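Visitor:
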Amino acid sequence: MTALLILFFTALAALFAGLSKNRKSVQTISLIGSLLALASVVAGPVRGWDDMYASMLRFDNYAMAFSAVAILSATLIFGLTGWGFRTLTSTLGDNYGLILFSLCGALCMFSSTNLVMLFLGIEILSIPLYVLAGSRRDDLASNEAALKYFLMGSFATGILLFGIALVYGSTASFDFSAIGTAAAQSAGSSNMLRVGILLIVFGLSFKVSAAPFHFWAPDVYTGSPNLITAFMATVVKTAGFAAFFTLFATAFAPVASVWTLPVSIIAGLTMTLANTTALFQDNFKRMMAYSSIAHAGYLLLAILSVDNAGADRALMFYLLSYSIATICAFAVFIIVAEQKGDDTFAAFNGLGKSHPFLALVLTVSVLSLAGVPPFPGFFGKYYLFTAVFDSYPALVVLAVINSAISIYYYFKVIIAAWFQKGSENEAALAVPAGIRVTISVALILTAVLSAAPYLAFTLFSRN
Amino acid sequence: MLETIQQIPIEHYVLYSSVLFIIGIFGVLTRRNAIVVLMCVELMLNAVNLLLAAFSTYLSDAQGQIMVFFIMVVAAAEAAVGLGILVMIYRNTKSTDISLLDKLKN
Amino acid sequence: MSQYLFLTLAVISVATALLMVFSRNPVHSVLYLIATFFAIAGQYVLLNAQFLAIVHIIVYAGAIMVLFLFVLMLLNLNNATEPQKSNAWKVTGAIAAGSLLLVMVGALKGSTAAVAQVAHKSDVGLVQNLGRVLFTDFVVPFEIAGILFLAAMVGAVLVGKRDAKL
Amino acid sequence: MNQLIPLIPFLPLIGFAVNGLFGRNLSKNTVGIIGSGVLLASFLLSTAAFNQVAASGPIQVTLYNFFTVDSLSVNFGFLVDQLSVWMMLIVTGVGFLIHVYSAGYMHDDEGFYKFFAYLNLFIFSMLLLIMGDNFLMLFFGWEGVGLCSYLLIGFWYTNHEYGKAARKAFIMNRIGDLGLLLGIFMIYQQFGSIAYADVFPRIGEMSLDAGIVTTICLLLFIGAMGKSAQIPLYTWLPDAMAGPTPVSALIHAATMVTAGIYLIARSNALYSLSPDAMHFVAVIGMATSLFAAVIGLRQNDIKKVLAYSTVSQLGLMFVALGMGAYASAMFHVTTHAFFKALLFLAAGSVIHGMGGEQDIRNMGGLRKAMPITFWVFLIGTFAISGFPLLSGFFSKDEILAYTYAHGGFGWWAVASFSALLTATYMGRLLYVTFFGEFRGTHEQEHHLHESPAVMTLPLIVLAVLSVAGGFLNVPHFLGGHQWMAGWLSQVIPAAELHLDHHTETLLMGTATAVALIVLTVTWMLYSKKANLPVADSAQAGLTRWIANKFYVDELYDALFVRPTERLSKAFHYYVDIQIIDGIVNGVGAGVQRLGAEFRKVQNGNIEYYLVGMVAGAAALMLTLWL
Amino acid sequence: MSLSFILIPFIASALILLARPAATRQLALLATLANLAVTAYCFSCDYSQGMNCTFQAPWLPEAGFSFSLGMDGVTLLMLLLTNLVSPLIVYGSWSRSYENESRYYGLILLMIGALNGVFLATDGLLFYVFYELALIPIYFICAIWGGQDRIRITLKFFIYTFVGSLFMLLSLLYIYLQTPGGHSFAWNDLVNVQLPAGSELWVMLGFFIAFAVKMPVFPLHTWQPDTYVAAPTGGTMLLSGIMLKMGTYGVIRWMMPLAPEAAHTLTPTFITLAIIGIVYASIIAVKQTDFKRLIAYSSIAHVGLIAAGIFAWNKAGLQGSLIQMLNHGINVVGLFYISDLLERRLGTRTLGDMGGIAKSAPVFATLFMIIMLGSVAVPLTNGFPGEFLLLNGVWSYNFWAGVIAGLTIIFGAVYMLRAYGLAMFGEPGEQTARFSDLNTQERIMLGAISLLVIVLGFFPGFILNLTDSTVNRILGAVQL
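Residue numbers (our numbering), protein chains in the order written: chain A, 171 to 633; chain B, 483 to 588; chain C, 24 to 189; chain D, 178 to 803; chain E, 59 to 538.
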């Protein structure tokens with residue numbers, strides 16, 4: 171709750187600061203706010219204060235852990251915005267405000283114990299993003315991204331809501347655990363419940379960009395401003411999966427037989443489709459979009475293993491490693507691409523020679539995304555696969571094959587950075603201090619997560 | 483009156499709102515004007531509202547109607563933002579035809 | 024009596040909804056949709072949710088649809104008929120939507136028994152009752168909805184703003 | 178003495194190391210003295226060992242444990258018994274003479290030090306082969322001599338053809354080696370050890386399956402075929418004449434090629450259990466003997482004739498082995514070492530004198546210019562042809578006698594025919610080379626000279642041995658005691674010869690008559706100009722086939738070499754690159770194609786996306802019915 | 059103790075990469091020599107009772123995954139291989155000056171540390187982690203300093219081997235999930251799992267694919283010749299000298315003990331593949347014109363024999379495979395160094411363009427000959443004892459398998475002698491006549507290798523004794 175309030179008021183402060191003369195202070199304010207919020211979630215739930223509204227928002231270790239992941243991602247992104255948003259003037263405060271609002275929505279999603287709250291959280295998360303996707307207002311690609319995201323997003327909201335209504339009709343409650351109890355009694359015999367669950371699966375699949383509800387993602391990721399894409403790829407994904415998981419673990423676990431088959435189909439389809447399509451991309455952002463879809467496919471495995479004790483941790487760790495790697499990759503990307511005016515892999519050519527540090531960061535993050543040991547991405551995959559291997563060996567094999575396929579396109583980045591020659595007469599890239607600090611922090615985090623992955627789980631074991 | 487309503491099986495409401503919902507989907511699929519598409523989405527949301535209200539009555543539970551309020555809230559917010567986006571795009575392209583926006587692909 | 028009312032309103036709402044989808048002029052669509060909303064409001068009344076019905080009319084017909092009309096007028100789309108999609112595409116859409124309807128209806132058939140029959144209370148839809156629930160159990164979402172509105176407002180402002188050129 | 182035994186092989190190794198590492202900086206005399214000196218030392222030590230063996234029986238020395246894997250414990254150890262000490266004497270003795278000879282023969286070669294190093298290495302390997310106390314040690318030497326043979330055949334490496342000949346020798350030897358290796362595996366499997374001391378004495382106690390013994394014997398014999406140039410692995414030996422002549426004398430006549438004989442003689446206990454294997458050995462030996470002798474009739478390269486002669490003689494030795502006359506085979510090994518080394522070295526002297534010329538059609542009448550060479554060559558020829566009382570007379574007759582006794586008249590007749598052919602081509606060689614008119618160029622005639630003493634002295638020593646060597650094993654019916662067979666009897670049980678004096682005399686008389694007649698007839702034929710060999714291309718019919726060695730090389734080329742090469746290319750281009758790698762790349766391409774299809778769905782049009790979502794939802798909804 | 063095998067190269071690598079000292083080469087060599095010294099010290103430990111010199115630190119305690127290292131005889135041999143060959147590789151690289159030298163040596167040291175880790179790991183997941191970690195530096199080495207078409211080839215190599223090892227991960231995961239209680243990746247716990255017969259086959263196949271790709275075994279070998287040719291010589295040496303032994307080691311340490319029953323069903327197939335590989339690769343090598351590619355194919359043949367010996371799963375086969383891993387490592391490093399030397403002098407690796415080098419460079423010819431003979435497995439060179447034992451092992455497994463595998467001694471002679479003949483014999487050409495003989499550095503390098511070839515050829519018992527007790531234990535624990 172503290173974090174939610176901090177973020178909300180930070181958003182307000184950012185909005186006002188954006189109107190003031192000293193616009194640059196917005197970043198500082200946002201950073202301080204998000205760091206405070208991070209501190210408060212890392213510190214853990216406060217009894218008596220955080221459990222006041224347990225029927226709607228429960229701030230337990232689970233919620234705090236995922237909140238930490240999302241806020242950390244947002245903090246890192248705020249570290250990049252100083253340079254990333256350098257062209258914004260009058261809308262600077264609005265951008266920060268909307269990002270923070272969106273983050274508030276994510277926090278609601280992590281903590282929600284009620285479908286109403288979950289729905290609101292999703293909308294608070296999404297509506298600012300519809301706008302942010304289109305925040306480069308003169309850019310047609312950005313416009314197109316906003317429209318596609320918005321139209322398809324609201325369409326998906328409709329589907330989700332219909333599902334919620336049906337679930338309500340069959341269980342007479344919006345509360346997760348009450349639904350769980352009712353569902354256990356009816357044991358999935360209710361037709362409305364079954365259809366409702368499936369529609370909710372579809373609606374949430376859209377939010378986490380799982381096939382066949384993923385079509386928006388590549389286009390929107392490509393069209394949106396770079397940092398907004400990074401935000402969508404990390405925070406939104408984290409929020410979507412955390413909500414997906416908590417809902418299905420508490421409410422729908424008793425009727426797992428209803429949804430496991432479609433979810434596994436979605437998972438398999440998502441990873442295969444995304445990985446194979448990504449092979450063809452030469453635009454880095456678009457590749458990252460497909461990569462993010464592919465990761466959604468792997469992450470769905472966690473949903474399938476809701477009854478497994480370690481699945482929540484696996485999900486959290488995966489999202490954490492994935493987010494850090496993605497943000498690092500984007501950090502390098504914006505420096506290179508925005509200064510060279512080139513979104514393709516060719517922008518990275520010769521980076522290893524001119525800026526070995528950037529190339530190193532890029533390499534580490536890409537290897538982590540690919541799941542190559544000993545980088546954190548590997549442990550993420552390892553946790554996930556272990557959690558589902560018993561029940562879905564075939565899916566795990568498919569996932570493994572897919573992560574092998576993914577090597578091909580991830581390595582395009584490495585190849586460009588290290589083995590291709592850059593053009594000679596290129597001006598040296600400026601690496602702003604903010605970004606340098608941010609990626610250094612991210613690199614340290616990566617190292618820590620590689621060397622001692624279990625540290626991340628301490629978030630789960632606080633009292 | 484209420485009692486007689488109670489004689490209408492809830493299934494009728496379910497099917498009824500399903501039909502409305504699908505009409506909304508159909509509209510979304512077949513119309514090219516973004517504003518009309520948005521209207522069709524509103525129709526989908528209304529189908530949901532109707533269903534929730536029906537459940538609320540049949541279950542004698544107020545939560546369903548509360549949910550309807552929140553859906554209205556969201557619908558209004560979405561409409562505001564959505565129409566804002568449309569206006570912005572119209573300023574750039576002089577069109578609200580969604581088929582024309584297909585530059586981002588593959 | 025009420026069965027007939029239910030049926031009449033249902034037929035009206037479905038018919039106007041279809042007209043909304045099929046009419047070529049966007050303004051007509053808006054008007055048909057408003058008609059649909061009224062029919063749905065009638066259903067709310069039938070369901071003993073009078074407050075809901077009124078709010079529905081005010082919010083949808085009164086606010087949202089007016090907003091739509093306003094935008095249509097603003098963008099000067101009032102009499103322009105939008106370019107139509109090909110018939111083949113419409114058939115595709117119909118097949119897709121139809122099959123979804125088919126599977127949904129098929130899956131939902133016979134779902135009557137699923138709803139628990141509890142002692143009926145006739146006051147659920149009244150303002151007093153709704154207010155009590157909203158401000159006790161649902162006070163958190165109610166507050167949180169504030170963030171939503173604020174965000175939507177800021178968002179709408181952002182997209183509407185014009186950047187001063189650097 | 179026992180401590181000195183390892184010095185016998187290791188002295189040449191030291192010689193190799195010294196000459197090999199520092200020879201470039203040493204004078205040629207020093208190199209020659211070191212190279213020959215170590216051999217002399219080894220020879221003297223061998224004589225000492227001989228005395229020791231004669232006095233107190235076999236000596237066993239173990240240096241260290243080479244490796245132990247389970248029960249397979251292999252020692253780097255030496256066994257000096259009657260058989261090996263005999264071979265040691267031949268190897269070091271003849272080897273020493275050839276070393277001395279080489280100091281003269283190779284004097285002008287820039288690779289002088291290398292040559293001596295290789296020769297020393299060869300002696301080391303050969304001694305390992307002979308002295309090893311187990312089959313693996315034998316195999317070390319076995320491959321080692323093959324390697325040295327390779328190095329020495331390809332000694333003049335700037336000539337690619339010589340290199341090819343060297344490679345051919347090594348590879349054909351390796352084919353045999355594989356058989357030997359498998360034979361060793363099988364011995365280990367049957368006996369749980371590969372030490373001679375564990376194998377041979379226990380054969381009697383063990384009830385071995387006849388099939389297994391035959392297999393072992395045949396596998397060992399494959400090894401012998403390769404090393405001793407028997408059909409079908411004989412073709413390398415004539416090509417091996419590419420090496421310097423002392424090499425041919427040492428390796429390809431006197432010592433290395435007899436390793437096969439030694440192996441079978443050493444394993445006589447095994448062979449005696451397998452009549453089938455012995456029969457096979459005899460058949461192969463006989464066939465080789467005859468076949469090579471026929472080819473020898475129409476060769477014009479002085480060394481090639483001797484090479485085929487060697488193959489033929491080796492075949493004869495295998496016949497002896499196949500007849501169970503192990504000691505006779507060893508006897509022939511000994512005499513053959515003397516006279517064949519002599520012949521080769523004499524031929525080398527001729528080549529030396531002719532300035533490198535090897536074709537006998539360009540020689541003739543050399544007896545005047547090179548008297549010593551002529552006389553020793555004459556002795557060698559007569560010895561190999563079985564001229565009475567020369568060494569070959571005794572050893573060959575002994576073999577023929579055993580052939581008659583064990584194989585019957587047919588075998589004897591064929592063997593005798595082979596001997597007749599031997600006398601024929603040797604006579605032809607002698608007369609064409611040393612009689613008649615000189616047919617070479619003027620320069621050659623001018624250059625023609627007798628070789629220096631360092632070369633002729635060894636020739637003379639060998640000639641003496643060729644004359645007297647036969648008396649080592651004079652048969653009983655001529656009043657001898659078969660001394661050598663008696664010496665070897667500890668290792669090789671003496672074969673029984675059930676022939677009466679009458680038959681023996683008859684056989685010997687026939688052989689003597691044949692040798693004398695043939696030598697006379699060939700003298701009449703070939704000392705005249707009219708019957709001189711003509712150019713290869715002018716020959717026709719059977720002669721042409723013979724002159725071209727029955728096209729065996731071409732046959733092997735077509736059957737094995739070229740198909741392998743073609744297969745190599747086919748495997749590489751078609752199987753490896755097209756099929757296997759094609760499949761690998763195909764999998765990648767398939768994934769990409771799948772991606773290309775998926776990619777089409779993402780066409781940027783929102784309507785398609787929405788329809789996709791709805792259709793997908795409908796399809797997934799179907800799972801409710803599953 | 060065991061940790062230092064990993065730490066020394068890693069720290070040296072970090073030093074070189076970050077500080078970029080002037081004496082990069084010397085530091086790299088020093089680090090590898092230090093490792094060799096530690097290896098030598100480890101000879102004194104007792105390995106008859108199982109793992110010794112163990113080290114353990116938690117990594118993921120609740121998942122039963124720890125950073126645990128340990129050594130027994132087999133490990134020691136592999137460490138000897140790695141740390142004996144690695145100074146040669148580093149020193150061999152001195153002959154070339156590479157762009158960004160500090161990166162080159164840094165990556166090599168990283169690779170060496172990871173390789174040591176692979177051999178030391180006693181935890182399944184740790185093994186996997188090192189197994190993959192080793193792949194990253196070598197990928198960079200090959201792709202940065204490689205030759206023609208390197209990017210495509212190395213990517214294929216990376217994906218190929220990565221895919222292979224993912225199957226191993228699946229197998230490891232499966233066994234891990236069968237361990238009782240809170241699950242554990244420790245070798246001891248994994249070994250104690252009794253797998254159901256059906257799934258054990260799959261587990262073994264998973265391992266096999268991973269290791270077969272690495273070795274490589276026919277028909278999973280096609281990445282290898284291309285990669286060897288494209289890689290810089292240091293990379294090729296690492297790949298062929300050490301890295302492919304990860305596969306053979308993996309079979310001995312992990313695959314067979316973890317899925318012993320399935321071995322009974324599958325080893326005939328595996329042996330067949332290995333033997334096909336021997337003959338197939340040998341035949342291809344016969345007509346190769348590129349010397350480096352020829353060595354690559356010969357390496358497939360040699361490793362095929364090693365693999366066959368392991369799958370035969372008897373004392374001779376295993377001991378032979380172990381000693382042969384060491385000796386093949388030494389020989390192949392020597393051969394690739396020679397190929398590099400030829401390329402440096404002549405600018406070509408095509409054998410047809412050479413000839414007559416023996417005349418202009420007698421010292422080189424001699425050392426080349428010794429190393430070549432080691433590779434051909436002439437007795438009293440290091441190649442022989444291994445080949446003898448391997449063939450003996452395969453032969454005891456099956457008569458005809460031994461016979462066909464034995465063809466390697468014939469074909470090996472055919473292609474190696476042909477290559478040697480083409481390069482060294484004949485009349486010197488225009489270029490080869492100017493071929494300068496070895497300089498001091500090259501002499502040291504090739505001299506050291508030749509010395510090893512001969513010494514190990516005369517005294518193989520020393521090496522075999524190192525592994526004897528361990529092999530007995532392994533064979534005792536896993537009986538087919």
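No residue lacks a Cβ here, since even glycine has one placed at the ideal position from N, Cα and C.
Here the structure is a predicted model, which is why all the values come from computation and not from measurement.
If you run the structure through DSSP and keep just helix, strand and coil, what is A136 (chain C)?
Guide: Per-residue confidence for A136 (chain C) stands at a pLDDT of 44, beneath the threshold of 50, marking its modelled position as unreliable; the derived number appears in the next sentence. Correct three-state label for A136 (chain C): helix.
Visitor: Can you tell me where the beta strand (DSSP E) holding P116 (chain E) begins and where it ends?
Guide: Where P116 (chain E) is concerned, the enclosing beta strand (DSSP E) stretches over N110 to L118.
Visitor: Just curious, the beta strand (DSSP E) that Q237 (chain D) is in, first and last residue?
Guide: First-last of the beta strand (DSSP E) with Q237 (chain D): I236 to V246.
Visitor: Can a CB atom of chain D be found closer than 7 Å to the CB of W458 (chain E)?
Guide: Not an interface residue.
Visitor: With 7 Å set as the bound, which would you pick, yes or no: does the beta-carbon of G509 (chain B) sit closer than that to a beta-carbon of chain C?
Guide: Answer yes: the Cβ-Cβ gap between G509 (chain B) and chain C drops below 7 Å somewhere.
Visitor: Drop a sphere of 10 angstroms on the beta-carbon of N803 (chain D), count the other beta-carbons inside from all chains shown, and report buried for 16 or more, exposed for fewer.
Guide: In the sequence on display, residue 803 (chain D) carries Leu and not Asn. The residue is exposed, with fewer than 16 neighbouring Cβ atoms inside 10 Å.
Visitor: Hey, could you find the ends of the alpha helix (DSSP H) M603 (chain D) is sitting in?
Guide: F586 to F611 is the span of the alpha helix (DSSP H), which, as asked, contains M603 (chain D).
Visitor: In the DSSP assignment, what residue or residues form a beta bridge with A372 (chain D)?
Guide: In the DSSP output, where bridge partners are listed per residue, A372 (chain D) has D:N311.
Visitor: Less than 6 Å between C-beta atoms, sequence neighbours within five positions excluded: which residues of the same chain meet that for P315 (chain E)?
Guide: The residues are V249 and V536.
Visitor: Given this structure, state the Cα-to-Cα distance separating N780 (chain D) from Y552 (chain A), to the nearest angstrom.
Guide: So the two alpha carbons sit approximately 34 Å from each other.
Visitor: Closer than 9 Å by beta-carbon distance: list the chain C residues that pair up with M279 (chain A), in chain order.
Guide: Neighbours of M279 (chain A) on chain C: none; closest Cβ ~11 Å, over 9 Å.
Visitor: Answer with yes or no whether the minimum CB distance from M790 (chain D) to chain A is below 7 Å.
Guide: Taking Cβ atoms only, chain A reaches closer than 7 Å to M790 (chain D), which makes this a yes.
Visitor: If you measure from the CB of V251 (chain E), is any heavy atom of the ligand NAD nearer than 6 Å?
Guide: Absence of the ligand NAD is noted for the structure shown, with no ligands found whatsoever.
Visitor: Would you please verify whether the beta carbon of Y786 (chain D) is less than 7 Å from any beta carbon of chain B?
Guide: So, not an interface residue.
Visitor: Buried or exposed for T219 (chain E), going by 16 or more other Cβ atoms inside 10 Å?
Guide: Result: buried.
Visitor: Look at the alpha carbon of A137 (chain C) and the alpha carbon of S360 (chain A), and state the distance between them as a whole number of angstroms.
Guide: With a pLDDT of only 46 at A137 (chain C), under 50, the local geometry of the prediction cannot be trusted, and no value is derived from it.
Visitor: Can you name the residues that DSSP bridges to A244 (chain E)?
Guide: Per DSSP, E:D181.
Visitor: Measure the alpha-carbon distance for F411 (chain A) versus V378 (chain A) and round it to whole angstroms.
Guide: The alpha-carbon atoms of F411 (chain A) and V378 (chain A) are separated by roughly 7 Å.
Visitor: Considering only C-alpha positions, which residue in the set A:A381, A:N313 and A:G203 is nearest to G183 (chain C)?
Guide: Measuring from the Cα of G183 (chain C), the nearest candidate turns out to be A:N313.
Visitor: Step through the CB atoms of chain D and report whether any lies within less than 7 Å of the CB of D584 (chain B).
Guide: It does; some Cβ of chain D falls within 7 Å.
Visitor: Residues in its own chain within less than 7 Å of V89 (chain C) by CB, not counting five upstream and five downstream?
Guide: Excluding sequence neighbours, V89 (chain C) sits near nothing in its chain.
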